[in-house]
Amino acid sequence: MNQAVISCLHANLPAVEAVLKDIELQGITNITCLGDLVGYGPQPNEVIELIRDKKIPTCQGCWDEDVVDGLDACDCSYPSQLAEKRGHFAHQWTTDKLTKENKDYLANLPYSIRKDKCLFVHGSPNSQHEYLLPDMDAFAALERVENARAEILFCGHTHQPYIRELADGSIAVKIKNAAPKDIQEKEIQLPMRRIVNAGSVGEPRHGGTKATYVVHNEVTNEVKIREVEYDLELTCKAIIDAGLPPIFAWRLKNGFEFAEQAEDASHVCER
Amino acid sequence: MIERWALVSGLKGDLDTYELIQKDLKKTPGNITLFVLGDMIGPEKNCNRLLHRLINPKSNDLQPWCIYGWWEEQILLESGYRGDQRAEALRINKGEELVKSLTNAVDKSFLDWIAALQFGFVELDCGLIHGSSKDIGENLTLDTPPLTLLDRLTRLQVNRLFTARSKQQFHLELTEGTVNSEVEDLNGNRKKEQKVPQKAVIGIGAGKNYTLYDVGTDNTQFLQAGYKSEKRIKGFGML
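Going down the list, the protein sequences come from chains A and B.
Numbers in our numbering are just positions in the first sequence, counted from 1, shifted up by 30.
Numbers in our numbering are just positions in the second sequence, counted from 1, shifted up by 255.
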């Protein structure tokens with residue numbers, strides 16, 4: 031049986047509709063969303079209402095959390111003051127636009143969803159703001175999955191879809207400075223674990239313009255990254271019409287979103 | 256000159272133990288730096304005399320370098336130094352009486368000094384903290400999974416992590432290991448083998464139990480204040 035995992039919708043209604051259509055065409059009814067329904071994009075209420083109408087189980091993303099808490103999105107993930115200023119503007123714009131009902135919905139989203147061996151989070155099991163980038167330290171990545179007691183960790187937040195398998199691991203330890211009878215050396219075998227990043231529906235950062243999500247076969251454990259075209263022009267026009275920073279439209283249209291990446295893969299927001 | 260670190264924690268207001276440790280260290284050869292890894296305070300006894308001594312060392316005392324620990328975090332929470340948060344975990348788990356005992360044990364005039372203490376020190380390639388690099392309340396012990404220990408070392412980007420929270424004394428080396436990583440994304444597949452660099456986690460003990468670390472040889476000695484062990488003489492050979 032297949033399940034679809036979507037993330038980082040970012041108030042981009044045409045992209046969300048296109049992805050949900052693509053999922054429907056494959057006959058998949060089991061969908062999980064990893065949050066960031068809002069932020070940057072021009073249709074926050076419409077996207078929330080679509081997800082609510084379809085009763086798609088959803089985790090709270092960092093934007094969802096920040097809009098609810100009345101806090102600005104994590105400053106430390108912005109690579110420049112200009113990017114931070116734009117982010118704050120989008121945050122305020124989104125906060126003003128959202129209905130109370132939709133804010134309440136975001137406020138009540140869970141941090142994580144667990145289904146058997148799968149754990150679904152926005153950033154990492156530690157924080158909605160932590161980036162699990164594809165090339166981060168392999169042991170640290172494995173620790174995130176293992177300490178969350180999952181076999182497969184589904185995450186988003188980076189906007190880059192990937193599947194990472196961590197296997198054949200071991201760590202040897204030795205107790206030093208103990209009584210001779212207590213001195214121990216042992217090798218601990220590490221379990222095979224996977225991290226699956228669903229990418230982003232509404233604001234891709236993989237160098238292209240297509241929305242991305244993943245499909246996981248729960249029987250074979252196979253994971254496929256899906257790319258979906260959507261009406262980009264419609265979203266770009268809505269961004270301009272809404273008075274949001276035109277650069278949000280420009281980067282969607284050009285598939286550029288690298289400016290918003292965190293420089294430090296292991297960085298966790300201190301807030 | 257041999258460079259050694261004396262690592263102390265969990266004094267919880269016990270000036271007598273601190274004086275015993277100072278006395279021990281005066282007899283210990285080498286260049287000694289004294290680190291106090293938190294829990295200088297606690298709810299059991301009045302902590303003012305110890306805090307005064309740490310802030311104003313006697314002329315022949317080794318200068319203590321202090322960081323804050325779990326009990327310091329609780330009093331800072333309860334005293335409004337962490338915004339709207341209060342020491343709720345302590346209150347729920349141990350009751351209102353203990354929270355009161357803690358706040359009564361420390362004069363308010365010391366709170367600014369406590370609030371100015373750091374979370375930890377990084378000296379050479381070593382991290383000196385109270386709990387772990389993830390949480391001041393985290394216990395790292397011999398039973399902690401090595402993967403977790405490695406993560407806590409990696410977070411601080413150090414090769415040795417000195418921790419106090421568990422109160423245990425141990426020296427655990429991560430000697431070797433590997434993990435294979437395979438990433439598939441829209442650009443294709445890439446494989447990488449990552450190895451474990453040699454690292455260690457050292458539990459320094461608490462109260463009378465403290466640790467001496469020889470920076471040059473990477474050897475630890477687990478000591479008890481006021482008690483000269485044979486092992487200690489053999490270990491450093493100069494007493």
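Ideal Cβ placement from N, Cα and C applies to all residues, glycine included.
Q | Assigned secondary structure, A:Pro276 (DSSP; H/G/I helix, E/B strand, else coil) | A | Taking the first residue of the first sequence as position 1, residue 276 of chain A is located at position 246. Reduced to three states, the DSSP call for A:Pro276 is helix.
**Q.** Cutoff 7 Å: A:Val203 Cβ touching any chain B Cβ
**A.** Mapped onto the first sequence, residue 203 of chain A falls at position 173. At least one chain B Cβ lies under 7 Å of A:Val203.
Q: With a cut-off of 8 Å on the beta carbons, I'd call A:Ile205 and B:Leu397 a contact; round off their distance for me.
A: Sequence index remark: in the first sequence, residue 205 of chain A carries index 175 (1-based). Sequence index remark: in the second sequence, residue 397 of chain B carries index 142 (1-based). Right, the Cβ-Cβ distance comes to about 7 Å (below 8 Å), so this counts as a contact.
Q. What residues from chain B crowd round A:Tyr260, counting only those whose CB sits closer than 8 Å?
A. In the first sequence, residue 260 of chain A corresponds to position 230, counting from 1. Within chain B, no residue comes near A:Tyr260; the closest Cβ sits about 17 Å away, beyond 8 Å.
Q) Where does A:Trp280 land, buried or exposed, given buried means 16+ other C-beta within 10 angstroms? A) Within the first sequence, the letter at position 250 stands for residue 280 of chain A. So A:Trp280 counts as exposed.
Q: Kindly provide the ranges of any beta strand (DSSP E) runs that are 3 or more residues long and lie completely inside the stretch 330-417 of chain B, ordered along the chain.
A: 375-378, 381-384
Q: Starting from A:Pro164, find everything on chain B with Cβ-Cβ shorter than 8 Å and list it in chain order.
A: As a working mapping, residue 164 of chain A is identified with position 134 in the first sequence. The answer, in chain order, is Val438, Asp440.
Q | CB contact flag (B:Gly392, B:Trp325, <7 Å) | A | Sequence index remark: in the second sequence, residue 392 of chain B carries index 137 (1-based). Sequence index remark: in the second sequence, residue 325 of chain B carries index 70 (1-based). In this structure, B:Gly392 sits near B:Trp325, with a CB-CB distance shorter than 7 Å.
**Q.** Between the CA atoms of B:Gly382 and B:Lys313 - distance to the nearest angstrom
**A.** To locate residue 313 of chain B, count along the second sequence from 1; it is residue 58. To locate residue 382 of chain B, count along the second sequence from 1; it is residue 127. Each residue's alpha carbon lies about 28 Å from the other.
Q: Kindly provide the ranges of any beta strand (DSSP E) runs that are 3 or more residues long and lie completely inside the stretch 187-237 of chain A, ordered along the chain.
A: Qualifying beta strand (DSSP E) stretches, in chain order: 192-206, 215-220, 223-227.
Q: Return the chain-ordered ranges of every alpha helix (DSSP H) run that is complete within the stretch 445-474 of chain B and spans a minimum of 4 residues.
A: none
Q | Cα-Cα separation, B:Asn474 to A:Glu160 | A | Here residue 474 of chain B corresponds to residue number 219 of the second sequence, with the count starting at 1. Here residue 160 of chain A corresponds to residue number 130 of the first sequence, with the count starting at 1. Roughly 36 Å separates the two Cα atoms.
Q. Using the rule of at least 16 other Cβ atoms within 10 Å of the residue's Cβ for burial, across every protein chain shown, is B:Met295 buried or exposed?
A. For the purposes of this step, residue 295 of chain B is identified with residue 40 of the second sequence, where counting begins at 1. Its Cβ being crowded by 16 or more others within 10 Å, B:Met295 is buried.
Q: Look at the alpha carbon of B:Pro315 and the alpha carbon of A:Gly91, and state the distance between them as a whole number of angstroms.
A: What you label residue 315 of chain B is simply residue 60 of the second sequence in a count that begins at 1. What you label residue 91 of chain A is simply residue 61 of the first sequence in a count that begins at 1. The amino acid occupying residue 315 of chain B in the given sequence is Asn; Pro does not appear at that position. Rounded to the nearest angstrom, the two C-alpha atoms are 56 Å apart.
Q.
Against A:Lys147, what residues of chain B qualify as contacts under a CB-to-CB distance less than 7 Å, listed in chain order?
A. Residue 147 of chain A sits at position 117 when you count from the first residue of the first sequence. Simply none; closest approach about 18 Å.
**Q.** Extent of the continuous beta strand (DSSP E) run through B:Leu429
**A.** Counting from one through the second sequence, the residue named residue 429 of chain B turns up at place 174. First-last of the beta strand (DSSP E) with B:Leu429: 424-440.
**Q.** Proximity to B:Leu345 [Cα-Cα], best of B:Asn444, B:Leu332, B:Leu270, B:Lys422
**A.** Counted from its first residue, the second sequence places residue 345 of chain B at position 90. Nearest of B:Asn444, B:Leu332, B:Leu270, B:Lys422 to B:Leu345, Cα basis: B:Leu332.
Q) Do you know offhand how far B:Asn286's Cα is from B:Arg415's? A) Walking along the second sequence from the start, residue 286 of chain B turns up at place 31. Walking along the second sequence from the start, residue 415 of chain B turns up at place 160. B:Asn286 and B:Arg415 have their C-alpha atoms roughly 20 Å apart.
Q: Mind checking the stretch 181-194 of chain A against chain B and listing, in chain order, the residues whose C-beta falls within less than 9 Å of any C-beta there?
A: In summary, the residues of the stretch 181-194 of chain A whose CB is separated from some CB of chain B by less than 9 Å are Gln190, Pro191, Tyr192, Ile193, Arg194, in the order they occur in the chain.
Q) Taking Cβ-Cβ distances shorter than 8 Å, what residues in chain A pair up with B:His426? A) Residue numbering aside, residue 426 of chain B sits at position 171 when the second sequence is read from its first letter. Within chain A, the residues near B:His426 are Ile205, Lys206, Asn207, Ala208.
Q. Which whole-angstrom value describes the C-beta separation of A:Ile78 and A:Tyr141, a residue pair presumed to lie in contact below a C-beta threshold of 8 Å?
A. For the purposes of this step, residue 78 of chain A is identified with residue 48 of the first sequence, where counting begins at 1. For the purposes of this step, residue 141 of chain A is identified with residue 111 of the first sequence, where counting begins at 1. A:Ile78 to A:Tyr141, Cβ: 18 Å. No contact.
Q: Would you kindly work out how many angstroms separate the C-alpha atoms of A:Thr10 and A:Gln122, rounded to a whole number?
A: Nothing about residue 10 of chain A can be read from this structure; chain A reaches only from 31 to 301.
Q: Mind listing the chain B neighbours of A:His236? Cutoff is C-beta to C-beta under 9 Å, in chain order.
A: Here residue 236 of chain A refers to the residue found at position 206 of the first sequence. Ordered by position in chain B, the residues that pass the 9 Å Cβ test against A:His236 are Asp440, Leu441, Asn442.
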